[in-house]
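Those letters in the sequence shown? Residues 1 to 44, per UniProt numbering, in order.
In this text, a Cβ means the ideal position worked out from N, Cα and C, and glycines have one as well.
Inspection log for the structure reproduced underneath, given as structure tokens.
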Amino acid sequence: MLNKKKITEEWFERAKHDIEGAKLLFKEGHFTDTIAHLIQQAVE
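So this is what it looks like as structure tokens:
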């Protein structure tokens, strides 16, 4: 079983990926609904 620190680090990494994905979509001016979803997931 993974320890709490490792699990937390993995979740933060996933959040960073969500934010970077949202930035790319925003830059291209596409899929605002997906951008909103990614950002919501990142802050959860």
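- Inclusion of Thr34 and Ala22 in the CB contact set at 9 Å is warranted, their separation being smaller than that value.
- If you draw a 10 Å sphere on the C-beta of Leu38, you find 16 or more other C-beta atoms in it, and that means buried.
- Between the beta-carbon of Leu24 and that of Phe31 there is about 10 Å, and that puts the pair past the 8 Å contact cut.
- DSSP places Leu2 in the coil class of the three-state scheme, outside both helix and strand.
- The alpha-carbon separation between Ala36 and Arg14 amounts to approximately 16 Å.
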